[in-house]
Amino acid sequence: KAGVTQTPRYLIKTRGQQVTLSCSPISGHRSVSWYQQTPGQGLQFLFEYFSETQRNKGNFPGRFSGRQFSNSRSEMNVSTLELGDSALYLCASSLGTPSNYGYTFGSGTRLTVV
Amino acid sequence: GQQVMQIPQYQHVQEGEDFTTYCNSSTTLSNIQWYKQRPGGHPVFLIQLVKSGEVKKQKRLTFQFGEAKKNSSLHITATQTTDVGTYFCAGPTLFSGGYNKLIFGAGTRLAVHP
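Right, here's the structure in full:
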């Protein structure tokens, strides 16, 4: 069965621009979470969506937002990009509550802000 | 807030040597999960431990959950070059909205020299 699909794989944006990343979870998985991974900060939780509702949100500024559609696909948006937003953005889906079922991660979107 | 700490940060071993990474939580965990991320890849779920004192084995990998459910370890016997990567532990933390989220440790990067 297909894994978690993230698009695009790589992205280069200019400071001040905005970006939208997409994630298609494993079929049947209703929970989608987003993480930011940087060498210095490790895996930082952004938010989790379940059945189109945001259930959890990490400590990121309001420039980071997300949504989930009725087919469980999710998008995250970052507005007014800053150089520090350069990172690998990972989407992870779960059959239910991630702490009970674990995550299946996508390959990530590598965002570079110049 | 709750923290999940991992030591060591890096470990270099000769192929055939054993390797252990430790995970410690500031609070009692309901369960703990372990993930492996190969260089250039994404985290992959390895296992979940739930019971106090639980020990699980996957071939050369042995996972333990402490009696107090505040620490865990991953031990690899006779490392191979295929074991190279970063090993993360993750534990649930209760979010103010009532749902818990997974907090990841900073990871232990394992290098294996042939």
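From first to last, the protein sequence lines are chains Z and D. Its first residue numbered 1, the first sequence is counted upward by one per residue in our numbering. Its first residue numbered 1001, the second sequence is counted upward by one per residue in our numbering. Beta carbons: idealized from backbone N, C-alpha and C, even for Gly.
Helix, strand or coil for residue i per DSSP?
{"i": "L83 of chain Z", "result": "helix"}
{"i": "S99 of chain Z", "result": "helix"}
{"i": "T1028 of chain D", "result": "coil"}
{"i": "T1081 of chain D", "result": "helix"}
{"i": "Q1014 of chain D", "result": "strand"}
{"i": "V78 of chain Z", "result": "strand"}
{"i": "R110 of chain Z", "result": "strand"}
{"i": "F69 of chain Z", "result": "coil"}
{"i": "I1007 of chain D", "result": "strand"}
{"i": "R15 of chain Z", "result": "coil"}
Flag residue i as yes if its beta-carbon sits less than 8 Å from any beta-carbon of chain Z, otherwise no.
{"i": "K1057 of chain D", "result": "no"}
{"i": "G1107 of chain D", "result": "yes"}
{"i": "N1024 of chain D", "result": "no"}
{"i": "G1101 of chain D", "result": "It is worth fixing the name first, because residue 1101 of chain D is Lys in this sequence and not Gly. At least one chain Z Cβ lies under 8 Å of K1101 of chain D."}
{"i": "Q1008 of chain D", "result": "Gln is not the amino acid found at residue 1008 of chain D; the sequence shown has Pro there. Chain Z contact via Cβ: absent."}
{"i": "Q1033 of chain D", "result": "yes"}
{"i": "H1042 of chain D", "result": "yes"}
{"i": "Q1002 of chain D", "result": "no"}
{"i": "Q1048 of chain D", "result": "yes"}
{"i": "P1039 of chain D", "result": "no"}
{"i": "I1092 of chain D", "result": "According to the sequence shown, residue 1092 of chain D is Pro rather than Ile. It does: the Cβ of P1092 of chain D has a partner Cβ on chain Z nearer than 8 Å."}
{"i": "F1019 of chain D", "result": "no"}
Check whether the Cβ of residue i lies closer than 8 Å to any Cβ atom in chain D.
{"i": "Y103 of chain Z", "result": "yes"}
Which residue wins for smallest C-alpha separation from residue i, given the options the options?
{"i": "S1052 of chain D", "options": "D:W1034, D:R1060 and D:S1030", "result": "D:S1030"}
{"i": "V1050 of chain D", "options": "D:N1100, D:R1038, D:F1065 and D:A1078", "result": "D:F1065"}
{"i": "F47 of chain Z", "options": "Z:S86, Z:Q41 and Z:N77", "result": "Z:N77"}
{"i": "I1076 of chain D", "options": "D:V1084, D:K1069 and D:K1070", "result": "D:V1084"}
{"i": "Q1058 of chain D", "options": "D:K1070, D:E1067, D:A1068 and D:L1074", "result": "D:L1074"}
{"i": "F1063 of chain D", "options": "D:A1078, D:R1109, D:T1021 and D:T1108", "result": "D:T1021"}
task: Check distances from the C-beta atoms of the segment 30-51 of chain Z to those of chain D and list, in chain order, the residues that come in under 7 Å.
output: G42, L43, F45 and E48
* **Selection of the segment 84-96 of chain Z by Cβ proximity to chain D, strictly under 7 Å** => L90
- Task: Could you tell me whether the segment 87-100 of chain Z touches the segment 22-42 of chain Z, using the rule of 3 or more Cβ pairs below 8 Å?
- Result: yes
Practice problem: Indicate whether the contact test is met: 3 or more Cβ pairs, each with one atom in the segment 101-113 of chain Z and one in the segment 1040-1053 of chain D, closer than 8 Å. | Solution: yes
Exercise. In the segment 1057-1073 of chain D, which residues sit with their C-beta less than 9 Å from some C-beta in chain Z, listed in chain order?
Worked result: none
_Using a Cβ distance threshold of 8 Å, determine whether the segment 35-45 of chain Z contacts the segment 13-24 of chain Z, with at least three qualifying pairs required._
no
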